[in-house]
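Chemist:
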Amino acid sequence: MTLLVVAMFAVTIITRILPAFIIDVFPLPEWLVTYLNYIPYAALGVLIFPGILDALENPLHGLLGGAFAMLLALFRVPLFFIVLGTIVFVYLIT
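Per full-length UniProt numbering, residue 1 is the first one in the sequence shown, and the count goes up by one each step.
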């Protein structure tokens, strides 16, 4: 059992730490760097959107809350107030 845990640790740590040391050795093309910069946004969308649909009994309320949060974000409202404002908005429409 201990050997299995150590082996899983080694495999995981190698794939997480090794790229940090290799990234400085090989220069990446600018288009690839631009592409990689969009990955966090795509992952965030994949994580948030199902929660929007499942958070409330009526998915329309979740979609309206998500749209309201996007509207606040477009106006560059600080993140704390986006979350707080969206909670209040969804509470008022339900």
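Think of the CB as a built atom: it goes at the ideal place given N, C-alpha and C, for glycine as much as any other residue.
1. Assuming contact is defined by CB atoms lying nearer than 8 angstroms, are residue 72 and residue 62 in contact in what I supplied?
2. Does residue 51 pass the burial test, meaning 16 or more other C-beta atoms within 10 Å, or should it be called exposed?
3. From what residue to what residue does the alpha helix (DSSP H) around residue 60 run?
4. For residue 21, does the three-state DSSP call read helix, strand or coil?
5. Residue 29 lies in the alpha helix (DSSP H); which residues open and close that run?
Modeler: The answer reads as follows:
1. Start at 1 with the first residue of the sequence shown, and residue 72 comes out as number 72. Start at 1 with the first residue of the sequence shown, and residue 62 comes out as number 62. The answer is no: Cβ separation not under 8 angstroms.
2. As a first step, residue 51 is located in the sequence shown; it is residue number 51 there, counting from the start. Result: exposed.
3. On the sequence shown, position 60 is the one that residue 60 refers to. Residue range 59 to 74 is occupied by the alpha helix (DSSP H) that includes residue 60.
4. For this step, residue 21 is matched to residue 21 along the sequence shown. DSSP places residue 21 in helix when its eight states are reduced to three.
5. Reading the sequence shown from its first residue, position 29 is the one you call residue 29. Here residue 29 belongs to no alpha helix (DSSP H), and DSSP marks it neither H nor E.
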